[in-house]
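Asks:
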Amino acid sequence: MTLSTIAPSTTWYPLGALDAIPPRSAKVVHLHGTPVAVFRSSDDTLFALEDRCPHKQGPLSQGIVHDSGVTCPLHGWVIRLDTGSAVAPDVGCTPRYPVRLNHGVVELGYPPLPALAEADTLPKLDDFPARGTVTA
Ligand code: FES
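Each residue of the sequence shown is one higher than the one before, counting from 1002 in the working numbering.
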């Protein structure tokens, strides 16, 4: 996450010490009525995603956390922790929230981060005509 993706008006909410979230697990909090799962990876990187799988709203906080994602406990989709996107061939995205460690305290930010463009919505190279050709 780069600082430029965090809204300047972000409000930070302290959640407690990092140790309150064991590595490769998540803690759920409700932020403005939305369940948000704060994940801690094995290398202590923090991620925050809405606690709803993009498939059928499964609780991602109860999934298996691995290096770069979480496997949803309901049907096994893998959701990337850094983007909130489902790993292909599955398609979908769950909202991300800013999260940081500030002097040993985990802080969750609001509002959510801007949605990322999904790769499947971007045009493919084959969608463009070959250079030098004209189509009518
Ligand atoms: S609800 Fe998550 S994979 Fe189906």
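Even for Gly, the Cβ is constructed at its ideal location relative to N, Cα and C.
1. List in chain order: all unbroken beta strand (DSSP E) runs of 3+ residues lying wholly within the stretch 1016 to 1067.
2. Given a threshold of 16 other Cβ atoms within 10 Å of its Cβ, counted over all protein chains shown, does G1064 qualify as buried or as exposed?
3. Under a three-way DSSP split, which group does T1072 fall into?
4. For G1110, name the three-state secondary structure that DSSP assigns.
5. For A1120, which three-state DSSP category applies?
6. May I ask you to report which of helix, strand or coil DSSP gives V1079?
7. Can you tell me whether V982 is helix, strand or coil according to DSSP?
8. Would C1094 and L1075 qualify as a contact pair, given that the criterion is a beta-carbon distance under 8 angstroms?
9. Starting from the N-terminal end, write out each residue whose C-beta falls within a distance shorter than 7 angstroms of any non-hydrogen atom of the ligand FES.
10. Does DSSP put S1086 in a helix, a strand or coil?
11. So what's T1012 in DSSP terms, helix, strand or just coil?
12. Any beta carbon from chain B within less than 8 angstroms of L1061's own beta carbon?
Replies: By the coordinates alone:
1. The stretch 1016 to 1067 contains these whole beta strand (DSSP E) runs: 1026 to 1032, 1035 to 1041 and 1047 to 1051.
2. For the purposes of this step, residue 1064 is taken as the residue at position 63 of the sequence shown. Buried, because 16 or more other Cβ atoms sit within 10 Å of the Cβ of G1064.
3. Residue mapping note: residue 1072 aligns to position 71 of the sequence shown, counting from 1. Of the three classes helix, strand and coil, the one that applies to T1072 here is strand, per DSSP.
4. If you number the sequence shown from 1, residue 1110 lands on position 109. Correct three-state label for G1110: strand.
5. Against the sequence shown, residue 1120 aligns to sequence position 119. Unreliable placement is indicated for A1120, whose pLDDT of 48 sits below 50; the coordinate value is still reported in the next sentence. Note: A1120 maps to helix in three-state DSSP.
6. For this step, residue 1079 is matched to residue 78 along the sequence shown. Correct three-state label for V1079: strand.
7. Any answer about residue 982 is impossible in this case: the structure gives the chain only from 1002 up to 1137.
8. To locate residue 1094, count along the sequence shown from 1; it is residue 93. To locate residue 1075, count along the sequence shown from 1; it is residue 74. Contact: no.
9. Spelled out in chain order, the answer is C1054, H1056, K1057, Q1058, G1059, C1073, L1075, H1076, G1077 and W1078.
10. Sequence index remark: in the sequence shown, residue 1086 carries index 85 (1-based). In the structure shown, S1086 sits in a strand (DSSP, three-state: E or B).
11. Here residue 1012 corresponds to residue number 11 of the sequence shown, with the count starting at 1. Correct three-state label for T1012: strand.
12. Although the question refers to chain B, the structure presented lacks it and comprises just one protein chain.
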